[in-house]
Amino acid sequence: MTELVLFCLICSLGMCVQSFVGFAGSLVAVPLFSLFISPKVAVPTYNLVMLVVNLVLVLETRQHVDWRRVGRLLIGGLVGIPIGAYGLKHLPVHVIGLIISVVTLTFAILFMFKVKVRLHENRPTELGIGLLSGWLGGAISESGPPVVVYGLARGWDKNTFRSTLITYFFFLCIMANVSFLYLGLLSWQSARYASAAVLPTLAAAIIGIWLKNRVNETFFRQAVLTVIVIVALLGLLRHALG
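According to numbering that gives the first Met the number 0, the residues represented by the sequence shown are 0 to 241, in order.
Printed below as a string of structure tokens:
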């Protein structure tokens with residue numbers, strides 16, 4: 000029961016952040032999951048919840064989506080997802096935990112200090128970004144950071160940035176859940192946890208949307224990234240020493 004409550008709370012926190020800034024939900028949720036719940040359970044179950052909630056967010060932001068960019072990123076992303084999911088199934092739990100912590104910490108620091116990577120907007124770049132994003136999405140449910148780095152490097156418009164990311168994540172979630180189901184990573188426990196988490200997570204998404212025009216985004220973003228860095232460091236210590 001305690002594990003179920005923790006799962007619902009962490010999902011809700013992650014989705015509140017996701018709906019507010021368009022990304023970083025998984026950077027908040029996944030490292031927290033790894034402190035309390037096995038990634039082999041948490042990652043597939045979290046993706047089930049994200050599938051439902053991202054559908055709602057897609058409907059809310061659909062007018063600003065750059066479908067051409069979504070399609071090009073998905074070419075690599077849909078290939079990367081099953082590769083990452085295979086890794087999630089077969090890698091030891093402590094190795095997955097270390098990957099989660101290192102990836103989270105790396106991208107959180109990049110975002111915190113607004114490090115911009117020079118990336119050209121062309122098909123090979125988008126294929127590579129999509130492939131890396133899909134691999135991370137399938138393995139640890141952190142498909143967002145590579146695409147965020149790319150979007151920031153290209154200077155995407157704020158509304159297009161958020162809407163395109165959310166739509167891209169929605170389609171990745173579909174592929175991820177198909178992969179998890181095929182690999183036997185989804186169970187009745189996953190369905191029970193996801194069912195319990197959907198309503199509070201939807202409520203958190205609505206709160207995030209409501210906060211979007213009422214809270215200083217720069218302050219909120221920096222506060223979230225600070226928390227992410229702390230959680231990632233705790234996870235790194237736990238999995239390295241455990």
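C-beta: ideal position from N, C-alpha, C; glycine also.
query: How should I9 be labelled, buried or exposed, when 16 other C-beta atoms within 10 angstroms of its C-beta is the threshold for buried?
result: For the purposes of this step, residue 9 is identified with residue 10 of the sequence shown, where counting begins at 1. Classification for I9: buried.
query: Where does V114 land, buried or exposed, given buried means 16+ other C-beta within 10 angstroms?
result: Indexing the sequence shown from 1 puts residue 114 at position 115. Flag for V114 reads exposed.
query: Skipping 5 residues on each side, what residues in its chain have a beta carbon closer than 7 Å to that of I248?
result: No answer is possible for residue 248: the residues shown for the chain start at 0 and end at 241.
field: Collapsed DSSP secondary structure at A23 in the structure displayed
entry: Against the sequence shown, residue 23 aligns to sequence position 24. Correct three-state label for A23: coil.
task: Helix, strand or coil for L273, going by three-state DSSP, please let me know.
output: Nothing about residue 273 can be reported from this structure: the residues present for the chain run from 0 to 241 only.
query: So, do the stretch 63 to 72 and the stretch 101 to 114 have three or more beta carbon pairs nearer to each other than 8 Å?
result: no
- prompt: Hey, V92 and P38 are a contact pair by Cβ (cut 8 Å); roughly how many whole angstroms apart?
  reply: As a working mapping, residue 92 is identified with position 93 in the sequence shown. As a working mapping, residue 38 is identified with position 39 in the sequence shown. With a Cβ gap of about 6 Å, V92 and P38 count as contacting.
- request: Consult DSSP for G136 and reduce its assignment to one of helix, strand or coil.
  value: In the sequence shown, counting from the first residue as 1, residue 136 sits at position 137. Note: G136 maps to helix in three-state DSSP.
- request: Note the first and the last residue of the continuous alpha helix (DSSP H) segment covering W187.
  value: Residue numbering aside, residue 187 sits at position 188 when the sequence shown is read from its first letter. That run of the alpha helix (DSSP H) goes W187 to L210.
contact_flag[the stretch 23 to 35, the stretch 135 to 142] where n(CB pairs < 8 Å) is 3 or more: yes
field: Residue nearest to F160 in terms of C-alpha spacing, selected from H63, L12 and L47
entry: Stepping through the sequence shown from its first residue, residue 160 is reached at position 161. The residue with the shortest Cα to Cα distance from F160 is H63.
message: For a minimum of 4 consecutive residues, which ranges assigned as the alpha helix (DSSP H) are wholly contained in the stretch 31 to 95?
response: 38 to 60 and 66 to 89
task: Assuming G249 and I80 form a contact by the criterion Cβ under 8 Å, report the distance between their Cβ atoms to the nearest whole angstrom.
output: Because the chain is modelled from 0 through 241, residue 249 falls outside the range shown and cannot be assessed.
query: Straight-line CA distance for G207 to L182?
result: The residue given as residue 207 occupies position 208 in the sequence shown. The residue given as residue 182 occupies position 183 in the sequence shown. Taking the straight line from one Cα to the other gives about 33 Å.
- request: Could you tell me the distance, in whole angstroms, from the CA atom of A195 to the CA atom of V4?
  value: Your numbering for residue 195 matches position 196 in the sequence shown. Your numbering for residue 4 matches position 5 in the sequence shown. Looking at the two C-alpha atoms, the distance is approximately 9 Å.
query: Between P145 and F218, what straight-line distance do the alpha-carbon atoms span, to the nearest angstrom?
result: Walking along the sequence shown from the start, residue 145 turns up at place 146. Walking along the sequence shown from the start, residue 218 turns up at place 219. One C-alpha to the other measures close to 23 Å.
- prompt: For L184, does the three-state DSSP call read helix, strand or coil?
  reply: Here residue 184 is taken as the residue at index 185 of the sequence shown, counted from 1. The answer is coil: DSSP assigns L184 none of H, G, I, E or B.
message: Measuring alpha carbon to alpha carbon, tell me which residue in T103, L135 and A152 is nearest N121.
response: If you number the sequence shown from 1, residue 121 lands on position 122. That would be A152, whose Cα lies nearest to the Cα of N121.
Counted within 10 angstroms of its Cβ, other Cβ atoms place S186 as buried (16 or more) or exposed: Numbered from 1 along the sequence shown, position 187 holds the residue referred to as residue 186. So S186 ends up on the exposed side.
field: Span of the alpha helix (DSSP H) around L118
entry: One-based indexing of the sequence shown puts residue 118 at position 119. Careful: L118 lies outside any alpha helix (DSSP H) and carries neither H nor E.
- request: Taking G143 as part of the alpha helix (DSSP H), name the residues at either end of that continuous run.
  value: Taking the sequence shown and counting its residues from 1, the one referred to as residue 143 is at position 144. Bounds of the alpha helix (DSSP H) holding G143 are G143 to R153.
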